[in-house]
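Student: Sharing a structure here in structure tokens format.
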Amino acid sequence: MKRLELFANRSVQDEIITGLEESITDFYYTLLPVVHGRGKRDYRLGSATWPEENFMIISYIQDQDEAKAAEAIAQVKQQFPDEGIKLFFVPAEG
């Protein structure tokens, strides 16, 4: 089992969720709709100075679904290369 953690600009939230739901049967997740922080290029703080915001998805998936999730996100990253989409997998017990 893997813990999937994904961070991205809120502008691509619908595309990411749709891609994951279409790629993984019974994709269940927790959505943190507003996440602030700093990446390699910019701050995303939802303020007047740094107005953009991120979101985060957390999901626990089967090992065999890791490649499906990675491919779904790779397709979205290809469409939106400047949106700071970051995907991580962490081993989990379940």
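Residue numbering for the sequence shown follows full-length UniProt numbering, beginning at 1 and increasing consecutively. All C-beta atoms in this analysis are idealised placements derived from N, C-alpha and C, irrespective of residue type, glycine included. Keep in mind that this is a model prediction, so the values were computed, not measured.
Relative to the alpha-carbon of G37, which residue among Q62, F27 and A8 has its alpha-carbon at the smallest distance?
Tutor: Residue 37 sits at position 37 when you count from the first residue of the sequence shown. If we check each option's Cα against that of G37, A8 comes out closest.
Student: Drop a sphere of 10 angstroms on the beta-carbon of A48, count the other beta-carbons inside from all chains shown, and report buried for 16 or more, exposed for fewer.
Tutor: The residue you call residue 48 lines up with position 48 of the sequence shown. Under this definition A48 is an exposed residue.
Student: Can you tell me where the alpha helix (DSSP H) holding A8 begins and where it ends?
Tutor: For the purposes of this step, residue 8 is taken as the residue at position 8 of the sequence shown. Element bounds for A8: not the alpha helix (DSSP H) but the beta strand (DSSP E), K2 to N9.
Student: If you draw a straight line from the alpha carbon of G84 to that of L6, how long is it in whole angstroms?
Tutor: By 1-based counting over the sequence shown, the position of residue 84 is 84. By 1-based counting over the sequence shown, the position of residue 6 is 6. Near 10 Å, if we compare the C-alpha coordinates of L6 and G84.
Student: Which residue spans inside the region 11-90 form an unbroken beta strand (DSSP E) run of at least 3?
Tutor: For the region 11-90, whole beta strand (DSSP E) runs of length 3 or above, ordered along the chain, are 30-35 and 54-61.
Student: On a CA-only basis, which of R44, S59 and D63 is nearest E21? Give me that one, please.
Tutor: The residue labelled residue 21 in the question sits at position 21 within the sequence shown. Comparing Cα positions, the closest option is S59.
Student: Shortest alpha-carbon distance to S76 belongs to which of L32, E66, E15 and S23?
Tutor: Taking the sequence shown and counting its residues from 1, the one referred to as residue 76 is at position 76. A small fix is needed here, since residue 76 is Val in this sequence, not Ser. Considering only alpha carbons, the answer is E15.
Student: Among the candidates K40, P91 and I73, whose CA atom is the shortest distance from the CA of I17?
Tutor: Taking the first residue of the sequence shown as 1, we reach residue 17 at position 17. Among K40, P91 and I73, the Cα nearest to that of I17 belongs to I73.
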